[in-house]
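Down below is the structure, laid out as structure tokens.
Chains as they are written, first to last, in our numbering: chain V, 22 to 281; chain R, 646 to 806.
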């Protein structure tokens, strides 16, 4: 990979300042960015590590919400056991070594169409807090690898309302451990939210029809007669559009059955 | 170039590195600790697994500068003080837990992290924990047996498969 200057600020303010330089790029846990740099698909002049910013780490609970610092590792989120769906999701990303490095902020900023965290953020109606503003999850995800983040903006924390019941079902691509399809179901007093990752060419999305059906009757039977339009689904060597559309339904049913 | 310092297997080590120097290159080329292997260089295979502040990481997917100030353990630091194999290493030898041996440093380091947090793992726990470590001889069966043995558990059910 090309060389770069490595800086590790200790505060969000210093990180924002470092990122204002031309050619500067934020580094979370590096589990996507470092392989990308090795392939020379990214070649920042300055790499700004967010790992030493203490105010961006940790998991806090307050009044029915959980707030996770942007630099918190997947392993730390799994260990915090905030709520069932999130614990399962964080504890099954990649592999143990990846979970010890990768961060929630990095995952959400990258918005890989097959990443797990976008499903949790969208299904819980999370608030994504940056150094300059709060962004609702419904406004944040804008398509494959595309988000509402501006240049140089850092995800400092993510706040999720804790659901009454939740579950995440991932159909693993066994080599990469990315989701071939992943479905996060979150049940709240106001209704049920269903977010799907890995399936759509537009990245993570809410399956609104299933949400309506499950809000009326929270059981797998409620979605038995629904079907998802396969036209916008991803097609690759691992599965066809129709296969993915069917998986979304199957995994949604399983998630509802196992939600706790 | 910047100077970084870390404690590697209990010894304070300082070297000048570039920003792009990977932790595994710092260990292998800087400190001549060549027990940590580079299998794939794409963070798939886990042959480069070391511990940074007690956590298993893939040292091909971490910059040396990110480990500045940390405590690093590599395979070279795993043996007993008298140089004999530790419990995990001995179990790998006793149970034919290695064939070509290329993945073994990473397997041992992954197993060490597992057993530290879960002293009596089930077979499923072990297989789940080794998802990031690939053995291209496909010798997983005996690796799982070795880790069961290292944790003092009966592995006859696995051996019978």
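No residue lacks a Cβ here, since even glycine has one placed at the ideal position from N, Cα and C. Since the model is a prediction, treat every value here as computed from it, not as a measurement.
- One finds 51 and 122 in chain V with Cβ atoms closer than 7 Å to the Cβ of residue 707 of chain R, taken in chain order.
- Pairing residue 693 of chain R with residue 703 of chain R, the inter-Cα distance amounts to about 6 Å.
- For residue 117 of chain V, the uninterrupted alpha helix (DSSP H) run begins and ends at 117-122, by DSSP.
- Residues of chain R with a Cβ closer than 7 Å to the Cβ of residue 22 of chain V are, in chain order, 665.
- Using a Cβ-Cβ cut-off of 9 Å, residue 74 of chain V does not count as an interface residue toward chain R, since no Cβ of chain R sits closer than that to its own.
- When CB distances to chain R are screened at a threshold of 8 Å, the residues of the stretch 175-196 of chain V falling below it are 196, in chain order.
- Within chain V, the residues 59 have their CB atoms less than 8 Å from the CB of residue 686 of chain R, given in chain order.
- For the beta strand (DSSP E) assignment, the uninterrupted runs of no fewer than 3 residues enclosed by the stretch 706-747 of chain R are, from N- to C-terminal side, 716-718.
- DSSP, reduced to helix, strand and coil, places residue 246 of chain V outside both helices and strands of the structure shown, so it counts as coil.
- For residue 742 of chain R and residue 139 of chain V, the gap between their C-alpha atoms comes out near 39 Å.
- A distance below 9 Å separates the beta carbons of residue 59 of chain V and residue 687 of chain R.
- Closer than 9 Å to the CB of residue 673 of chain R there is not a single CB belonging to chain V.
- Beta-carbon to beta-carbon, residue 99 of chain V and residue 111 of chain V are separated by about 4 Å, close enough to satisfy the 8 Å threshold.
- Between residue 91 of chain V and residue 179 of chain V a beta carbon distance of about 7 Å is seen, short of the 8 Å cut, so the two are scored as contacting.
- The way I'd put it, the stretch 196-205 of chain V doesn't touch the stretch 167-179 of chain V; fewer than three beta-carbon pairs between them come closer than 8 Å.
- Comparing C-alpha distances from residue 778 of chain R to each of R/729, R/660 and R/682 shows the shortest one belongs to R/682.
- Burial state of residue 791 of chain R is buried, judged by a 10 Å Cβ sphere holding 16 or more other Cβ atoms.
- Within the DSSP secondary-structure output, residue 155 of chain V pairs in a beta bridge with V/150.
- Here residue 646 of chain R is exposed: its Cβ has fewer than 16 other Cβ atoms, across all protein chains shown, within 10 Å.
- For residue 117 of chain V, the nearest beta carbon of chain R is closer than 9 Å to its own beta carbon.
- Of the other Cβ atoms in all chains shown, 16 or more fall within 10 Å of the Cβ of residue 208 of chain V; this residue is therefore buried.
- Per the Cβ contact rule, the stretch 792-803 of chain R is in contact with the stretch 753-773 of chain R (3 or more Cβ pairs under 8 Å).
- Within the model, the alpha-carbon separation for residue 117 of chain V versus residue 774 of chain R is close to 6 Å.
- Per the C-alpha coordinates, the member of V/115, V/85, V/279 and V/88 positioned closest to residue 96 of chain V is V/115.
- A distance of 9 Å or more separates the beta carbons of residue 187 of chain V and residue 128 of chain V.
- Counting only Cβ-Cβ distances below 8 Å, residue 702 of chain R has contacts in chain V at 118, 121 and 122, in chain order.
- Residue pairing by DSSP places residue 663 of chain R opposite no residue, since no beta bridge is assigned to it.
- Pairing residue 763 of chain R with residue 771 of chain R, the inter-Cα distance amounts to about 10 Å.
- Distance from the Cα of residue 75 of chain V is smallest, within the candidate group V/218, V/154, V/44 and V/30, for V/30.
- Of all residues in the stretch 776-789 of chain R, those with a C-beta nearer than 7 Å to a C-beta of chain V are 776 and 777, reading in chain order.
- Taking C-beta separations shorter than 7 Å and ignoring five residues to either side along the sequence, the partners of residue 249 of chain V in its chain run 228, 266, 269 and 270, following chain order.
- In the three-state reduction of the DSSP assignment, residue 172 of chain V falls in the coil class, being assigned neither a helical nor a strand state.
- In the DSSP assignment, residue 751 of chain R falls within the unbroken alpha helix (DSSP H) covering 749-762.
- Interface annotation, residue 691 of chain R: in contact with chain V, CB-CB separation under 9 Å.
- For the 9 Å CB-CB criterion, residue 68 of chain V and residue 664 of chain R form a contact.
- In the DSSP assignment, residue 138 of chain V falls outside any beta strand (DSSP E) and within the unbroken alpha helix (DSSP H) covering 138-144.
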